[in-house]
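A short write-up of the structure that comes next.
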Amino acid sequence: MDARKAVDDVFRAEYGRVLATLIRQVGDFELAEDAVQDALAAALRHWSRGIPQNPGAWITTTARRKAIDRLRRDANYAHKLEALQYLVRLQKDDDVELSESAIGDDQLKLIFMCCHPALAPEVRVALTLRTLGGLTTPEIAKAFLTSESTMAQRIVRAKRKIKSAGIPYVVPDDRQLPERLGAVLAVIYLIFNEGYRASYGDEVVREDLAAEAIRLGRLVCHLMPNEPEAVGLLALMILHHARREARSGADGSLVLLPDQDRSLWDRRAIAEGAALVSRAMEMGDRGPYQVQAAIAAIHAEAQAAEHTDWREITALYAELQLMMPTPVVALNRAVAVAMARGPEAGLQIMAELADDLDGYHLFHSARADLFRRLGRVEDALACYRRAIELAGNEAERAFLASRVRELSE
Amino acid sequence: MKYALLIYGDESEAPAPDSPEAMAVMKSYYDFTNAINEQGINRGGEALDSVQTATCVRVRDGQTMTTDGPYAETKEQLGGFYLIDVDDLDAALEVAARLPGSHHGTVEVRPVWEVPENMPEGG
Numbered sequence: 301m302d303a304r305k306a307v308d309d310v311f312r313a314e315y316g317r318v319l320a321t322l323i324r325q326v327g328d329f330e331l332a333e334d335a336v337q338d339a340l341a342a343a344l345r346h347w348s349r350g351i352p353q354n355p356g357a358w359i360t361t362t363a364r365r366k367a368i369d370r371l372r373r374d375a376n377y378a379h380k381l382e383a384l385q386y387l388v389r390l391q392k393d394d395d396v397e398l399s400e401s402a403i404g405d406d407q408l409k410l411i412f413m414c415c416h417p418a419l420a421p422e423v424r425v426a427l428t429l430r431t432l433g434g435l436t437t438p439e440i441a442k443a444f445l446t447s448e449s450t451m452a453q454r455i456v457r458a459k460r461k462i463k464s465a466g467i468p469y470v471v472p473d474d475r476q477l478p479e480r481l482g483a484v485l486a487v488i489y490l491i492f493n494e495g496y497r498a499s500y501g502d503e504v505v506r507e508d509l510a511a512e513a514i515r516l517g518r519l520v521c522h523l524m525p526n527e528p529e530a531v532g533l534l535a536l537m538i539l540h541h542a543r544r545e546a547r548s549g550a551d552g553s554l555v556l557l558p559d560q561d562r563s564l565w566d567r568r569a570i571a572e573g574a575a576l577v578s579r580a581m582e583m584g585d586r587g588p589y590q591v592q593a594a595i596a597a598i599h600a601e602a603q604a605a606e607h608t609d610w611r612e613i614t615a616l617y618a619e620l621q622l623m624m625p626t627p628v629v630a631l632n633r634a635v636a637v638a639m640a641r642g643p644e645a646g647l648q649i650m651a652e653l654a655d656d657l658d659g660y661h662l663f664h665s666a667r668a669d670l671f672r673r674l675g676r677v678e679d680a681l682a683c684y685r686r687a688i689e690l691a692g693n694e695a696e697r698a699f700l701a702s703r704v705r706e707l708s709e
Numbered sequence: 003m004k005y006a007l008l009i010y011g012d013e014s015e016a017p018a019p020d021s022p023e024a025m026a027v028m029k030s031y032y033d034f035t036n037a038i039n040e041q042g043i044n045r046g047g048e049a050l051d052s053v054q055t056a057t058c059v060r061v062r063d064g065q066t067m068t069t070d071g072p073y074a075e076t077k078e079q080l081g082g083f084y085l086i087d088v089d090d091l092d093a094a095l096e097v098a099a100r101l102p103g104s105h106h107g108t109v110e111v112r113p114v115w116e117v118p119e120n121m122p123e124g125g
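Put into structure tokens, the structure is as follows:
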């Protein structure tokens with residue numbers, strides 16, 4: 301293995317852990333980040349001569365040494381004398397073994413800091429991917445289709461706000477935890493969705509981001525094992541991701557759930573997701589992620605589309621609508637009702653949603669599908685055309701266009 | 003009578019920190035502070051950090067909503083302010099959420115820019 305590859309691997313695997321520990325030790329997010337970057341640059345030079353036995357520990361120790369160098373050099377850190385003395389002490393017992401729980405605690409603080417509600421949502425996403433996902437700024441820029449300089453600037457501004465506004469490096473107390481954990485889970489789900497259904501661009505699935513979100517979801521569940529919504533979100537992502545191979549055809553076109561080749565579904569992942577749903581529900585505090593995961597599990601466990609238990613799904617959507625009274629959830633419930641009780645029942649509910657969802661392409665494609673099943677070809681065509689106008693994804697547009705062709709024949 | 007003097011300006015037009023222009027602006031503020039101190043009319047005041055460090059808090063139906071950035075509505079007006087001293091932003095946001103104003107309007111939370119007591123040398 302060459303040095304470049306070894307450094308890349310360590311970067312991916314250890315970056316978040318090393319950074320989280322160092323932030324606690326130096327008490328400064330930016331300094332910690334700079335020091336870890338210094339250590340990675342040093343690794344590139346040194347590892348060409350031989351890769352250390354424990355690369356993660358090598359990076360941690362080196363980063364600490366680099367932080368000391370920077371503290372000594374930089375007048376801006378002159379007031380950080382206390383941190384410097386502390387670091388020098390740490391340096392003396394060079395083999396400070398950090399316990400797993402201390403590392404975990406640091407990582408949790410880092411997650412909560414990066415997902416702080418005082419940061420703009422797109423900034424939380426970028427910062428989380430950067431610090432915990434170990435993604436480089438160019439990689440994040442590419443994933444979110446912005447320029448590298450825009451993304452770099454966004455991250456710099458976020459770090460400045462963390463410092464000047466006094467965003468703390470702590471796990472929130474019990475009173476604040478529900479809101480703050482919600483913000484963390486929302487960031488992870490946003491990353492997943494960006495990977496799962498690219499809103500712009502041509503690929504149906506950007507697997508890197510989806511896999512990264514699942515990794516972050518696992519980390520949060522590992523660090524906070526008694527939070528049912530965290531487990532629910534992990535289950536939801538795993539269950540969606542299990543179907544990824546079947547979501548697009550050989551030509552890259554979109555394949556909808558009923559038409560998917562279920563032999564392509566990842567059965568092991570589905571079993572894991574379903575087990576996680578049960579575990580979360582047993583904790584006894586149901587929330588929207590768990591209910592959505594339960595719906596995904598019912599879909600995933602049906603051997604064929606016609607075996608889907610639509611009555612159970614309808615009941616779960618009714619529960620979800622109580623938790624999240626949004627028009628999009630109502631639309632999903634309408635689709636489930638149409639499957640359980642027939643297209644007319646679904647169209648009736650959708651009629652009430654027209655004001656809210658007129659600009660949403662999936663509203664029109666869902667109505668189109670029900671009109672098609674009722675044999676109302678003209679209505680179906682009109683809805684498909686409206687959906688094509690509004691769809692942001694090339695694969696989705698191509699799919700809708702193929703439906704229009706079928707109906708026009 | 004007591005009066006609050008609220009300072010508005012375009013941050014993007016402010017001179018670069020440490021530039022001679024910035025030092026001149028700072029000096030004019032020190033002069034002003036000294037003058038009102040001598041008059042015996044100064045009841046306190048602070049410089050605020052950039053709007054990029056601002057966070058807004060609103061509470062509706064018991065739910066606290068926190069957003070990045072300064073208060074930008076023009077149809078609501080500034081009605082007062084508190085100056086608090088707490089450990090970090092989380093503590094400040096918690097106090098802001100208890101402030102009655104956050105339950106019908108919005109409270110902007112902005113860190114105070116710690117200005118040295120005396121004009122730095124060389125300015």
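Taken in order, these protein sequences are the chains called B and F.
Position one of the first sequence corresponds to residue 301 (our numbering), numbered consecutively onward.
Position one of the second sequence corresponds to residue 3 (our numbering), numbered consecutively onward.
Ideal Cβ positions, reconstructed from N, Cα and C, are used throughout, including at glycine.
Practice prompt. Output the residue ranges of the alpha helix (DSSP H) runs that lie fully inside the region 502 to 561 of chain B and measure 4 residues or longer, sorted by chain position.
Written response: 507 to 523, 528 to 541
Discussion item. Less than 6 angstroms between C-beta atoms, sequence neighbours within five positions excluded: which residues of the same chain meet that for F/E75?
Written reply: Residues of the same chain with their beta carbon placed closer than 6 angstroms to that of F/E75 are lacking, with the five preceding and five following residues left out of the count.
Worksheet entry | Spatial distance of F/Q65 from B/A638 (CA atoms) | CA-CA distance, F/Q65 to B/A638, rounds to 35 angstroms.
Worksheet item: So which residues on chain B does F/P113 lean against when the C-beta distance must stay under 7 angstroms?
Response: S464, A465, G466
Item to complete: Spatial neighbours of B/I467 within its chain, please: CB distance less than 8 angstroms, with the 5 preceding and 5 following residues excluded, ordered by chain position.
Response: M413, H416, A418, L419, K461
Worksheet item: Cα separation between B/L410 and B/Q592?
Response: 27 angstroms
Practice prompt. Using the Cα positions of F/I86 and F/S52, report the straight-line distance between them to the nearest angstrom.
Written response: 18 angstroms
Item to complete: Report yes or no: is there a C-beta of chain B within less than 8 angstroms of the C-beta of F/D90?
Response: yes
Discussion item. My output table needs one value for F/R62: the three-state DSSP class, helix, strand or coil.
Written reply: strand
Worksheet item: For a contact meaning CB atoms closer than 8 angstroms, what does F/T66 contact in chain B?
Response: E479
Practice prompt. At 4 residues or longer, and completely inside the region 602 to 640 of chain B: list those alpha helix (DSSP H) runs for me, N to C.
Written response: 610 to 623
Discussion item. For a test of the three-state rule: what should DSSP assign to B/W565, helix, strand or coil?
Written reply: coil
Worksheet item: Does any residue of chain F bring its CB to less than 8 angstroms from the CB of B/K461?
Response: Judged by the 8 angstroms Cβ criterion, B/K461 is in contact with chain F.
Worksheet item: Can you give the Cα-Cα distance for B/A486 and B/R480, rounded to whole angstroms?
Response: For B/A486 and B/R480, the gap between their C-alpha atoms comes out near 10 angstroms.
Worksheet item: Applying the criterion that 16 or more other CB atoms from any shown protein chain within 10 Å of the CB defines a buried residue, is F/S104 buried or exposed?
Response: buried
Fill in: Spatially closest choice to B/G404 from B/Q353, B/T446, B/V471, by CA coordinates
The candidate whose alpha carbon is nearest that of B/G404 is B/V471.
Worksheet item: Taking all protein chains shown into account, do 16 or more other C-beta atoms lie within 10 angstroms of the C-beta of B/G659, making it buried, or fewer, making it exposed?
Response: exposed
Discussion item. Among the candidates B/L647, B/G327, B/D369, B/R304, whose CA atom is the shortest distance from the CA of B/G350?
Written reply: B/R304
Discussion item. Considering only the alpha carbon of each residue, which of B/L631, B/D655, B/G642 lies closest to B/I649?
Written reply: B/L631
Worksheet item: Does the Cβ-Cβ distance between B/A335 and B/L322 come in under 8 angstroms?
Response: yes
Worksheet item: Along chain D, in chain order, which residues have C-beta atoms closer than 8 angstroms to that of B/R672?
Response: The structure shown has no chain D; the protein chains it does contain are B and F.
Worksheet item: When we look at the beta-carbon of F/F83 and count the other beta-carbons within 10 Å, is it buried (16 or more) or exposed?
Response: F/F83 should be labelled exposed.
Fill in: B/K366, buried or exposed, once every other Cβ within 10 Å from all chains shown has been counted against 16
buried
Worksheet item: Taking Cβ positions, are B/R673 and B/P643 nearer each other than 8 angstroms?
Response: Yes, the pair counts as a contact, with Cβ atoms nearer than the cut-off.
Worksheet item: Counting only runs that start and end within the region 80 to 111 of chain F, where is the beta strand (DSSP E) found for 3 or more residues in a row?
Response: 109 to 111
Worksheet item: How about B/V318 and B/I368: are their beta carbons less than 8 angstroms apart?
Response: no
Fill in: CB contact check: B/A418 to chain F, cutoff 8 angstroms
yes
Worksheet item: Within the 8 angstroms Cβ cut-off, does B/R457 reach chain F?
Response: yes
Worksheet item: Just reading off the alpha helix (DSSP H) that F/Y5 is part of, what are its end residues?
Response: Counting along the chain, F/Y5 falls outside any alpha helix (DSSP H), and DSSP gives it neither H nor E.
Worksheet item: Would B/Q476 count as contacting chain F if we go by Cβ distances under 8 angstroms?
Response: yes
Worksheet item: Any idea what DSSP makes of B/M583, helix, strand or coil?
Response: coil
Fill in: Per DSSP, the bridge partner or partners of F/V114
F/L50
Worksheet item: Buried or exposed: B/A550, going by 16 or more other Cβ atoms within 10 Å of its Cβ?
Response: exposed
Discussion item. Please list the terminal residues of the continuous alpha helix (DSSP H) segment that includes B/P355.
Written reply: 355 to 373
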